Structures are given as structure tokens and as C-alpha cells.
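Undergrad:
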Amino acid sequence: MLAALIDDLSRTRLRALIEAGEVSVDGRKLMDPSARVNSGQHVEVRVPPPAPATPQPQDIPLNVLFEDDSLIVIDKPAGLTVHPGAGSPDGTLVNALLHHCGKSLSGIGGVERPGIVHRLDKETSGVMVVAKTDRAHRDLAAQFADHGRTRGLKRAYRALVWGAPAPSAGAIDKPIGRDPRNALKMAIRRDGREAVTHYVTEERFGSPDAPVAAEVTCRLETGRTHQIRVHMAAIGHPLLADPVYAAGFATKSALLDDLARTALAALGRQALHAYLLEFEHPLTGEAMHFESPLPPDYSHLKNALAAM
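This note's numbering numbers the first residue of the sequence shown as 1413 and each following residue consecutively.
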């Protein structure tokens, strides 16, 4: 319908505007390009001004865990997008890195994502490494592509999930691809890309016979978009406060006491934290080990669950 009425915007551009939340129907934001509209409805399309061709440096504070001439390791807070994109043209980690590192990042790994060899979701907190030279970028990218099979890469996450997985430890081997019904989601798909997540249950909360929640440690053998969130939801234990993959579990909050329910509402994001990252230094080969402490919002919820 929009393509027929708006001649100066391509279908691809219109789809991107819809997925970025720039189209509303009768005052309600529309996110699904395939949604149906009815005669008499009022449709508004907002076209933001064109973004700069390249990200610009911005003075955004960074929690730097380590830095040398080859790389920088940071502890990313929840709410910080990694690189510019639809809906986040600036205010990203890339903008902050360009300001912090200056011209040393120019062109490393591409104009739009300089230095980025892996990413965390906007609302996922935790440790990340960024390359500062072409040599470091090539080597780190190779380590992440290898997923620790032959070299020293290791990534581990802490997550709070609904219920308690059974068995308490295991591997989830389910291919992941784009959800055909929602372009903003991923899904288990037979024709998806290989995805393997190893999990261990660390603690259960609530009744011993029927835990209301648990904390799990997840280790990635592959690195797909939303992998932990999709995999834990696929085995019936989605992450607490995940607005995308745990929407059907919203009523579970009634099982929590007042303190835990308040802490859950205050979290406002999926309960996921990238707490550990190990890799080989791309220049020296030295084993590098970094841990990020649990952020206050996650810790507050965990403590509230433990006190039930």
C-alpha cells in the first residue's frame, strides 16, 4: 500500500522505515511490513534526516578493562547499542570508540563497524573486545569464527531464566534463522544456521520441587544473533524480562513475591550478562582473561529471587 502511494521511496526503504518504528497506523506504531491495513485508517510515515555516511566520534564514557596498541577490552553497559543502524544512528559503542581511540580505528573492519569483531545485544551487558589494527582485527575475527575449537577463545554468560532446566546441564543444538513472521526476531528453523549453546544450572529459586526461576551459565559454541535467548526459550526456559522471547511468560511474575516482582520490573531488559571472555592476544599470543562483575540491576533481581 505504501509503495503504491509513495513514489519517491523504494520498497526496501519503506520496509526499513517500518522495522525502525517510523510508520504508525491510527497513532499506533507498526513494526510488521506485511501487516494489513483497512480503508479509512490514518497512516503516518516519518522519514528521518539522512544519517552521516560514516559514524562520528562522540564523547560517551567507556569502562575500559584493558587497552594497548592492538586492542581495547570494555565492559559494555546495558542500553548501549554496539554499532549504528536503523533506529540507532548515533550514541553507540562505535561512536564512543571513535572518540576514545581517535584515528587508530579508521577503516579497521569496515567503515560502519570499525574494530568490531563480535557484538552484544543492546540490552545485554558485559565484556567485549575491539580491534585497533588490521592485524588484530583479522586475528580476533579468526578466533571468533573458530569458536574456541582450536584456539583459546571462550565466552560465557550468566542468565536468569523462568523455571529450571532439566537436565540441569546440557547442550542445545538447534539451528537458528530469521523468523519469517517477524523480521526483528530469530527462530529455530530447519534451514537455519548451526547453533550450539552449552548450559549449566548454577542456582534454583523458589520451591525445590517446582523452582520459579534459575540462574544458568551459558557457553557459546557458535555465535548467532540472539542465540542464548532463542535457545533457552526453545527448551521452555526463556530469560526473565525478555520482551521478545518471553512475552508469553509475563503472567509468571505472579509467582514472585513483592520484592522479586519489583526487582524484575526494575530490570527492564533480558536478564543476560556476558561475564567472561578469554582469547589469545593477536600480537603476542598471550592468553587474555577478563571477567565482568554482575551489574547492579541483575544482582538486585538475583538476590531478590534468592530471598523468596
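The C-beta atom is built at its ideal place from N, Cα and C for all residues, glycine as well. Values in this document were obtained by computation on a predicted structure and should not be read as measured data.
Whose C-alpha, out of V1573, A1554, T1545, is nearest the C-alpha of K1714?
TA: The shortest Cα separation from K1714 among V1573, A1554, T1545 belongs to V1573.
Undergrad: Fully enclosed by the stretch 1616 to 1650, which beta strand (DSSP E) runs are 3 residues long or longer?
TA: Within the stretch 1616 to 1650, the complete beta strand (DSSP E) runs of at least 3 residues are 1623 to 1632.
Undergrad: Considering only their Cβ atoms, is the gap separating Y1657 from A1666 smaller than 8 Å?
TA: Cβ atoms of A1666 and Y1657: not closer than 8 Å.
Undergrad: Counting only runs that start and end within the stretch 1414 to 1463, where is the beta strand (DSSP E) found for 3 or more residues in a row?
TA: Listed in chain order, the complete beta strand (DSSP E) runs (minimum 3 residues) inside the stretch 1414 to 1463 are 1435 to 1437, 1440 to 1442, 1455 to 1457.
Undergrad: Quick one: Cα of D1621 to Cα of G1575, how far?
TA: Straight-line Cα distance between these residues: approximately 11 Å.
Undergrad: Given L1505, which residues of its chain have a CB within under 6 Å of its CB, disregarding the five upstream and five downstream residues?
TA: Excluding positions up to five away in sequence, the list reads L1492, V1494.
Undergrad: Considering only DSSP beta bridges, list what V1539 is partnered with.
TA: In the DSSP output, where bridge partners are listed per residue, V1539 has D1487.
Undergrad: Express the C-alpha separation of E1456 and I1430 in angstroms, rounding to a whole number.
TA: Going from the Cα of I1430 to the Cα of E1456 covers about 11 Å.
Undergrad: Taking G1635 as the reference, which of Q1453, G1560, D1709, T1629 has the closest Cα?
TA: It is G1560.
Undergrad: Contact defined as beta carbons within less than 8 Å: I believe H1610 pairs with R1631. What is the distance between those atoms, to the nearest angstrom?
TA: Yes, H1610 and R1631 are in contact; Cβ-Cβ is about 4 Å, under 8 Å.
Undergrad: Is it the case that the CB of F1478 approaches a heavy atom of the ligand FMN more closely than 7 Å?
TA: In the structure on display, the ligand FMN does not appear, and there are no ligands present to speak of.
Undergrad: Does the contact criterion of 3 or more C-beta pairs under 8 Å hold for the stretch 1539 to 1546 versus the stretch 1509 to 1529?
TA: The stretch 1539 to 1546 is in contact with the stretch 1509 to 1529.
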